[in-house]
């Protein structure tokens, strides 16, 4: 007996097989430059992970030290970028791999940020908890130091995963 499936539904066996693979910061930044909706590549990172399906790169995650100086305690890492091409489950898989990598490096907490209009389903699926929806925001410029604002300026949501 065969099951009737609509064109929109897929069985578990039809989903792409995803695998976490190592990659370089250079390759991850090139992927971010091509695919990220609103952020640019990062200058440095502590660790980079990627996800592939077959031989196609479909997502990257870049971990670094926290941008907010008050959160820099030596035991907190920040997921600076997560970027996928829309492959199902790639984002939550990258977030979990980033968490495992951070733990292996001795970090106790991992934080990341989303825009307030982003839902956070992948973060929740990876075990992250929403800490605040009023983090950051504003300009980096001050007095005699003018910076070009290329990032979204509104408040962000901060998410955290702890050991």
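Residue numbers (our numbering): 136 to 298.
For each residue, glycine too, the CB sits at the ideal point set by N, CA and C.
When the five nearest sequence neighbours on each side are left out, the beta carbons in the same chain lying within less than 8 Å of the beta carbon of residue 157 are those of 183, 184, 185, in order along the chain.
DSSP links residue 185 through a beta bridge to 156, 195. In this structure residue 292 is in contact with residue 251, their Cβ atoms being roughly 6 Å apart against a cut-off of 8 Å. In the assembly as shown, residue 233 is a buried residue. Its beta-carbon has 16 or more other beta-carbons within 10 Å.
With distances taken between CA atoms, residue 163 lies nearest to 196 out of 196, 188, 154. The bridge partners DSSP lists for residue 264 are 295.
Counting the other Cβ atoms within 10 Å of the Cβ of residue 169 gives fewer than 16, which makes it exposed.
Between residue 224 and residue 153, the CB-CB gap stays under 8 Å.
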